[in-house]
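**Q** Take the sequence shown: its position 66, counted from the start at 1, is 677 in this note's numbering, and no numbers get skipped.
Idealized CB from N, CA, C, for every residue including glycine.
Every value quoted in this text rests on a predicted model; they were computed, and no experiment measured them.
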Amino acid sequence: KQSGEPDHLGNPGGSSVWYSWTAPASGRVTLSTNEVPSYAPPSSSGGYGVGTIYWQIIPGPPTCGNLIDQNPPPVFYPLFAAYTGTAVASLTSANYLPAALAAFPNMVEFDAVKGQTYQIAFDGNLGTTGDIPFYLELTPPASNDSFAKRIPLHGIYVVATGYNAGATHQTGEPVFGSSSGKTVWWSWTAPASGTVSIDLSGSDYAFPVAVFAGATLGKLQMVSENSGGVSFEAIAGQIYQIAVSDFGGLTGVIDLKLEAPIVELPLLRVTKNSFNSAQLFYAASAGQVILLQRSKDGTNWQNLQESTASSNTIQFSVRPSPAGNGPYYRAIVVDLLPGNHR
Numbered sequence: 612k613q614s615g616e617p618d619h620l621g622n623p624g625g626s627s628v629w630y631s632w633t634a635p636a637s638g639r640v641t642l643s644t645n646e647v648p649s650y651a652p653p654s655s656s657g658g659y660g661v662g663t664i665y666w667q668i669i670p671g672p673p674t675c676g677n678l679i680d681q682n683p684p685p686v687f688y689p690l691f692a693a694y695t696g697t698a699v700a701s702l703t704s705a706n707y708l709p710a711a712l713a714a715f716p717n718m719v720e721f722d723a724v725k726g727q728t729y730q731i732a733f734d735g736n737l738g739t740t741g742d743i744p745f746y747l748e749l750t751p752p753a754s755n756d757s758f759a760k761r762i763p764l765h766g767i768y769v770v771a772t773g774y775n776a777g778a779t780h781q782t783g784e785p786v787f788g789s790s791s792g793k794t795v796w797w798s799w800t801a802p803a804s805g806t807v808s809i810d811l812s813g814s815d816y817a818f819p820v821a822v823f824a825g826a827t828l829g830k831l832q833m834v835s836e837n838s839g840g841v842s843f844e845a846i847a848g849q850i851y852q853i854a855v856s857d858f859g860g861l862t863g864v865i866d867l868k869l870e871a872p873i874v875e876l877p878l879l880r881v882t883k884n885s886f887n888s889a890q891l892f893y894a895a896s897a898g899q900v901i902l903l904q905r906s907k908d909g910t911n912w913q914n915l916q917e918s919t920a921s922s923n924t925i926q927f928s929v930r931p932s933p934a935g936n937g938p939y940y941r942a943i944v945v946d947l948l949p950g951n952h953r
């Protein structure tokens, strides 16, 4: 360790080696002992079922002793750090943070600026030494980093995946929760009124998520905000802007699940035909995307067909005809066509 050298990650270290790297592009940089897979582009899928949520438990840092032996030798684990500057005694932290992910126990991350040169240190816990692989990886921002390029979501049960690694803060963009403003965006139009939930528990962290009304950054009105998930009362036809930000500076994979209430359309009449078939007429509104479902027991539903209402009535042809002991039919609202939004 050189005179004036900082303590990397707050550890005194003592066996550091150094690298110098100039960022070819702006984005999120990770330093780790195992390779970080490339992030898949943001995507979404609409559906009408109910998914299973799994909570991720992140272990703490490695321990260096136990209750029986109070004076063991230090355990080696690597320390990574990143700085700007050209003299060891006057380095400035690049705001690097330990990722604390089970799959990448030694990883740190920081935001790089194109053309900036970074000084990267590799040290060992309390000066211990070891021979390990070292991966430096750069992730540019996702396509929905900009509010103007937010990704539209459709349906009453939607799974959207993406990442906020490398995300930037736009001028006028709201900062909420424990974040520093590294935000990515989606939009969703409520096909019906009711309580909507957004769950992020499959993400790398309990990212702050906020829901806004409004069409421009300067005129956004917050509807609801929380960390790791949020719920809000939606109004049919209203467009909502959904923002997911960083977790105290940390970024990574986002797994967003949006679930809206199931709203059944009123059944107006049933016209039974020959050969055990029937026409079902439901009250609707023009532009509503309607899904017809069938059930044998009134509990478990099967998707049959989807259609868009062009007036205040929509009809479906079914076989077999509905009966008092089944089969049962219902028509639910799952989306709205463009032009029918508020």
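Are the beta-carbon atoms of His765 and Gly657 separated by less than 8 Å?
**A** Residue 765 sits at position 154 when you count from the first residue of the sequence shown. Residue 657 sits at position 46 when you count from the first residue of the sequence shown. Yes.
**Q** Under 8 Å by Cβ, that's how I've got Ala803 and Leu811 pegged, so tell me the actual separation to the nearest angstrom.
**A** Within the sequence shown, numbered from 1, the residue matching residue 803 stands at position 192. Within the sequence shown, numbered from 1, the residue matching residue 811 stands at position 200. That pair is no contact at about 23 Å.
**Q** Would you call the region 865–875 and the region 925–943 touching, i.e. three or more CB-CB distances under 8 Å?
**A** yes
**Q** When you compare the CB positions of Ser906 and Gln913, do they come within less than 8 Å of one another, or not?
**A** For the purposes of this step, residue 906 is taken as the residue at position 295 of the sequence shown. For the purposes of this step, residue 913 is taken as the residue at position 302 of the sequence shown. Cβ atoms of Ser906 and Gln913: closer than 8 Å.
**Q** Determine the closest residue to Met718 out of Thr697, Tyr729, Phe745, with distance taken between C-alpha atoms.
**A** Reading the sequence shown from its first residue, position 107 is the one you call residue 718. If we check each option's Cα against that of Met718, Phe745 comes out closest.
**Q** Might you give, ordered along the chain, the residues of its own chain that have their beta carbon closer than 8 Å to the beta carbon of Phe787, omitting 5 neighbours on each side?
**A** Position 176 of the sequence shown holds residue 787. Result list for Phe787: Pro819, Ala821, Met833, Glu836, Ala854, Ser856, in chain order.
**Q** So Tyr851 packs on Ser798, CB below 8 Å; how close in whole Å?
**A** To locate residue 851, count along the sequence shown from 1; it is residue 240. To locate residue 798, count along the sequence shown from 1; it is residue 187. About 7 Å; that satisfies the 8 Å criterion.
**Q** Leaving out five residues on either side along the sequence, give the residues of the same chain with a beta carbon under 6 Å from the beta carbon of Gly625.
**A** Here residue 625 refers to the residue found at position 14 when the sequence shown is read from its first residue. These residues qualify, in order along the chain: Lys612, Gly738.
**Q** For Lys883, collect the residues of the same chain with a Cβ closer than 7 Å to its Cβ; drop the 5 residues on either side in sequence, then sort them by chain order.
**A** Translated into the one-based positions of the sequence shown, residue 883 becomes position 272. Excluding five sequence positions before and after Lys883, the CB atoms of its chain that fall closer than 7 Å to its own CB belong to Ala889, Ser932, given in chain order.
**Q** Counting only the same chain and skipping the five closest in sequence on each side, list residues whose C-beta sits under 8 Å from that of Gly950.
**A** Residue 950 sits at position 339 when you count from the first residue of the sequence shown. Excluding sequence neighbours, Gly950 sits near Gly898.
**Q** So, for Leu712: in the same chain, excluding its five sequence neighbours on each side, which residues have a beta-carbon less than 8 Å away from its beta-carbon?
**A** Position 101 of the sequence shown, counted from the start, is the residue given in the question as residue 712. Closer than 8 Å at the Cβ level, and outside the excluded window around Leu712, lie Ile669, Met718, Asp815, Gly863.
**Q** In whole angstroms, what is the alpha-carbon distance linking Thr641 and Tyr707?
**A** Here residue 641 corresponds to residue number 30 of the sequence shown, with the count starting at 1. Here residue 707 corresponds to residue number 96 of the sequence shown, with the count starting at 1. Rounded to whole angstroms, Thr641 to Tyr707 spans 9 Å at the Cα level.
**Q** In angstroms, rounded to a whole number, what distance separates the CA positions of Asn755 and Gln926?
**A** The residue labelled residue 755 in the question sits at position 144 within the sequence shown. The residue labelled residue 926 in the question sits at position 315 within the sequence shown. Cα-Cα distance, rounded: 38 Å.
**Q** Any idea which residues DSSP pairs Tyr851 with across the strands?
**A** Residue numbering aside, residue 851 sits at position 240 when the sequence shown is read from its first letter. Tyr851 pairs with Trp799, Ala824.
**Q** With a CB to CB cut of under 7 Å and the five nearest residues on each side skipped, what residues in its chain are close to Ala705?
**A** If you number the sequence shown from 1, residue 705 lands on position 94. Cβ neighbours of Ala705 beyond the five flanking positions: Ala693, Tyr694, Thr695, Phe721, Tyr729.
**Q** Buried or exposed: where does Thr794 fall if 16 or more other Cβ atoms within 10 Å of its Cβ makes it buried?
**A** Here residue 794 corresponds to residue number 183 of the sequence shown, with the count starting at 1. By the neighbour-count rule (16 or more Cβ atoms within 10 Å), Thr794 is buried.
**Q** Please list the terminal residues of the continuous beta strand (DSSP E) segment that includes Glu784.
**A** Start at 1 with the first residue of the sequence shown, and residue 784 comes out as number 173. It is not in any beta strand (DSSP E) - Glu784 carries neither H nor E in the DSSP assignment.
**Q** Between Ser842 and His780, what straight-line distance do the alpha-carbon atoms span, to the nearest angstrom?
**A** Counting from one through the sequence shown, the residue named residue 842 turns up at place 231. Counting from one through the sequence shown, the residue named residue 780 turns up at place 169. Distance from the CA atom of Ser842 to the CA atom of His780, rounded to whole angstroms, is 24 Å.
**Q** What number of angstroms, rounded off, separates the C-alpha of Leu902 from the C-alpha of Lys725?
**A** For the purposes of this step, residue 902 is taken as residue 291 along the sequence shown, with counting starting at 1. For the purposes of this step, residue 725 is taken as residue 114 along the sequence shown, with counting starting at 1. Each residue's alpha carbon lies about 48 Å from the other.
**Q** Confirm the yes/no value for this check: CB of Ser885, any heavy atom of the ligand FMN, distance under 7 Å.
**A** Inclusion of the ligand FMN in the displayed structure is not the case, the ligand content being empty and no account of it being possible.
**Q** For the beta strand (DSSP E) holding Ala889, just list the boundary residues, first then last.
**A** Taking the sequence shown and counting its residues from 1, one reaches residue 889 at position 278. Per DSSP, Ala889 belongs to the beta strand (DSSP E) from 889–894.
**Q** Please state whether DSSP places Asp756 in a helix, a strand or coil.
**A** For this step, residue 756 is matched to residue 145 along the sequence shown. Asp756: helix per DSSP, three-state reduction.
**Q** What number of angstroms, rounded off, separates the C-alpha of Ser649 from the C-alpha of Arg880?
**A** The residue labelled residue 649 in the question sits at position 38 within the sequence shown. The residue labelled residue 880 in the question sits at position 269 within the sequence shown. Roughly 54 Å separates the two Cα atoms.
**Q** Below 7 Å CB to CB, which residues in the same chain sit around Gly615 once its five sequence neighbours on both sides are set aside?
**A** As a first step, residue 615 must be located in the sequence shown, where it is residue number 4. The residues are Val699, Ala700.
**Q** Opposite Gly657 in the DSSP bridges: which residues?
**A** Residue mapping note: residue 657 aligns to position 46 of the sequence shown, counting from 1. Beta-bridge pairing links Gly657 to Val769.
**Q** What span of residues does the beta strand (DSSP E) with Pro648 cover, start to end?
**A** Here residue 648 corresponds to residue number 37 of the sequence shown, with the count starting at 1. Here Pro648 belongs to no beta strand (DSSP E), and DSSP marks it neither H nor E.
**Q** Nearest by alpha-carbon distance to Asn887: which of Ala934, Ala845, Leu867 is it?
**A** Working through the sequence shown from its first residue, we reach residue 887 at position 276. Among Ala934, Ala845, Leu867, the Cα nearest to that of Asn887 is on Ala934.
**Q** Where Asn645 and Phe715 are concerned, what is the direct C-alpha to C-alpha distance, given to the nearest angstrom?
**A** Taking the first residue of the sequence shown as 1, we reach residue 645 at position 34. Taking the first residue of the sequence shown as 1, we reach residue 715 at position 104. In a straight line, the C-alpha of Asn645 is about 7 Å away from that of Phe715.
**Q** Is it buried or exposed, Arg930, if we count other Cβ atoms within 10 angstroms and call 16 or more buried?
**A** Locating residue 930 in the sequence shown gives position 319, where the first residue counts as 1. It is exposed - the Cβ of Arg930 has fewer than 16 other Cβ atoms within 10 Å.
**Q** Does DSSP put Leu737 in a helix, in a strand, or in coil?
**A** If you number the sequence shown from 1, residue 737 lands on position 126. The answer is helix: DSSP assigns Leu737 an H, G or I state.
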